[in-house]
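Here is the structure we will look at.
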Amino acid sequence: MVWYQKEIRLEARKRGFHVVTSEVENHLPELKSIKKGILHLFIKHTSASLTINENVSPDVRSDMEKHFNKMIPENMPYYDHNLEGSDDMPAHIKASVLGSSLTIPITNGELNLGTWQGIYLCEHRNNGGSRKLVATIFGETM
Amino acid sequence: MVWYQKEIRLEARKRGFHVVTSEVENHLPELKSIKKGILHLFIKHTSASLTINENVSPDVRSDMEKHFNKMIPENMPYYDHNLEGSDDMPAHIKASVLGSSLTIPITNGELNLGTWQGIYLCEHRNNGGSRKLVATIFGETM
Amino acid sequence: MVWYQKEIRLEARKRGFHVVTSEVENHLPELKSIKKGILHLFIKHTSASLTINENVSPDVRSDMEKHFNKMIPENMPYYDHNLEGSDDMPAHIKASVLGSSLTIPITNGELNLGTWQGIYLCEHRNNGGSRKLVATIFGETM
């Protein structure tokens with residue numbers, strides 16, 4: 010049984026949904042030593058989030074951005090938390106709907122994702138900047 | 010400390026929300042050996058999801074299906090990802106709103122769920138077929 | 010490697026979103042002994058939920074309550090599950106959208122949250138009463 014834990018930084022991205030599987034894996038060569046285990050990813054922000062979704066079609070990502078903007082719009086008349094810009098309060102709501110962490114099984118040194126699954130960074134701010142994650146890997150070694 | 014990990018297949022179900030607690034438990038006799046631990050379930054698909062909800066009333070499940078179809082409808086004019094059918098893009102969005110994994114405490118050989126809690130398979134496609142899960146059990150043995 | 014697991018009770022709160030980070034930490038002095046690990050929190054109810062969000066502004070919490078009530082309203086004509094009050098079926102849907110568990114990294118004896126992150130209890134019932142959580146802490150000791 011081993012534990013690895015480190016803080017990693019994802020590159021700044023524009024508002025929207027982005028596949029970051031390779032960027033995350035490149036930060037985590039420790040994955041290769043795990044026979045059976047779990048990768049836990051936690052984003053240390055309240056206006057960006059993590060999810061798993063389709064890893065090929067850019068249309069899925071842009072459709073998700075459009076639909077989340079309809080389901081959780083800017084400038085609702087009942088928002089009182091407006092000081093940080095019209096994108097801020099919707100960003101907080103989206104972050105809770107999508108979630109701030111992921112847990113992914115590790116099997117024989119690799120993330121055990123389905124064929125069409127990728128890790129998404131969901132950037133809900135217009136200018137969110139680089140985002141910090143805590144990655145925790147735990148499991149049995151090879 | 011022990012680790013068990015296996016892929017399991019849930020039977021095909023029609024579109025909607027389904028209680029699958031017993032089906033999952035029947036695949037996992039290893040639960041009985043764990044004194045304190047965690048069951049991690051991960052669905053290897055992007056158009057079906059897992060959640061915890063009310064385990065008795067069929068009306069809760071059908072009301073959830075109806076409300077998710079209202080909140081995330083088919084045929085929105087701004088969807089560009091339409092090639093795989095009108096149920097496909099909403100299925101991806103629902104999958105991210107509900108989530109692709111569950112973590113449930115194990116206590117004295119049993120899932121430590123509340124009285125009214127069950128594991129739901131949320132099938133978002135009209136014909137999703139059988140769904141693959143990765144189950145990872147880790148914890149202290151009895 | 011150590012495992013701690015206990016059931017804790019959060020004080021009853023009115024319907025809405027509430028920061029409970031300190032209340033949770035006060036129940037878990039065991040956190041201080043963990044060098045690298047995970048805190049898993051699981052709520053044993055289907056009409057209340059847990060999330061991570063902004064820990065300072067009361068407006069964020071009340072805006073979230075207002076927006077969730079718009080996104081998942083009471084008294085929709087298609088709800089069949091109405092016996093337990095008009096707040097009940099929306100509470101079940103909100104619980105699945107937000108989720109019944111949290112996993113938070115522990116680093117050097119403390120929850121490794123971002124500066125602005127706190128643990129929210131999301132109480133979806135008008136009179137939900139005290140809520141039970143199962144807290145599981147696992148990791149390497151100092």
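Quick mapping for you: the protein sequence lines, in order, are chains F, C and A. Heads up: the first sequence begins at 10 in our numbering, then just goes up one per residue. Heads up: the second sequence begins at 10 in our numbering, then just goes up one per residue. Heads up: the third sequence begins at 10 in our numbering, then just goes up one per residue. Ideal Cβ placement from N, Cα and C applies to all residues, glycine included. In this text the structure is predicted, and so the values were computed from the model without any measurement.
- Taking C-beta separations shorter than 6 Å and ignoring five residues to either side along the sequence, the partners of E39/A in its chain run Y13, I146, following chain order.
- In this structure D89/F is exposed. Its beta-carbon is surrounded by fewer than 16 other beta-carbon atoms within 10 angstroms.
- Inclusion of H76/C and M85/A in the CB contact set at 8 Å is warranted, their separation being smaller than that value.
- Approximately 5 Å separates the beta-carbon atoms of H27/F and L130/F; this is inside 8 Å, confirming the contact.
- At a beta-carbon threshold of 7 Å, none of the residues of chain F lie near A57/C; the nearest stands roughly 10 Å away.
- Taking the beta carbon of W12/C as reference, the chain F residues within 9 Å of it are M10, K44, K45, G46, G148, E149, listed in sequence order.
- Note on geometry: alpha-carbon atoms of E93/F and P82/C lie some 31 Å from one another.
- Near chain C, meaning a CB-to-CB distance below 8 Å, the residues of the segment 102 to 122 of chain F are V106, L107, G108, L111, T112, I113, P114, T116, N121, L122.
- Following the DSSP letters along the chain, one finds I102/A inside the alpha helix (DSSP H) bounded by residues 97 to 107.
- For H90/F, the chain A residues whose Cβ falls inside 7 Å of its Cβ are S66, D68, V69, D72, in order along the chain.
- Under a 10 Å Cβ-count criterion, P67/A is classified as exposed, with fewer than 16 other Cβ atoms of the shown protein chains found around its own Cβ.
- The continuous beta strand (DSSP E) containing E132/F extends over residues 126 to 132.
- Among the residues of chain F, none has a CB under 7 Å from the CB of V29/C; the nearest is roughly 18 Å distant.
- Below the 7 Å Cβ cutoff, chain F contributes no neighbours of M85/A, its closest Cβ being approximately 16 Å away.
- When Cβ-Cβ separations below 8 Å define contact, N62/C makes contact with chain A.
- Cα atoms of T116/F and I43/F: separation of roughly 7 Å, rounded to the nearest angstrom.
- Within its own chain, the residues whose Cβ lies closer than 8 Å to the Cβ of V33/A, once the five positions on either side in sequence are excluded, are I17, L19, L50, I128, L142, A144, listed in chain order.
- Under the DSSP definition of a beta bridge, V143/A partners with E16/A, F51/A.
- Residues of the segment 122 to 139 of chain A with a C-beta less than 9 Å from any C-beta of chain C: none at all.
- Chain A places a beta carbon closer than 8 Å to that of K75/C, counting this residue as a contact.
- Leaving aside the five residues that flank A104/F on each side, the residues in its chain whose CB is nearer than 7 Å to its CB run, in chain order, T55, S56, A57, S58, H133.
- Spanning the alpha carbons of R24/A and G118/F requires a straight line of approximately 45 Å.
- In this structure P114/C touches I47/C by the C-beta definition: roughly 6 Å separates them, less than 8 Å.
- With contacts defined as CB atoms closer than 8 Å, V106/F and V106/C qualify as a contacting pair.
- Boundaries for N84/A: no alpha helix (DSSP H) harbours it, and the DSSP string shows neither H nor E there.
- In this structure, DSSP gives E93/C a state outside helix and strand, which the three-state scheme calls coil.
- Assignment of K44/A by DSSP, reduced to helix, strand and coil, places it in the strand class.
- V11/C is positioned such that its CB atom lies no closer than 8 Å to that of T124/C.
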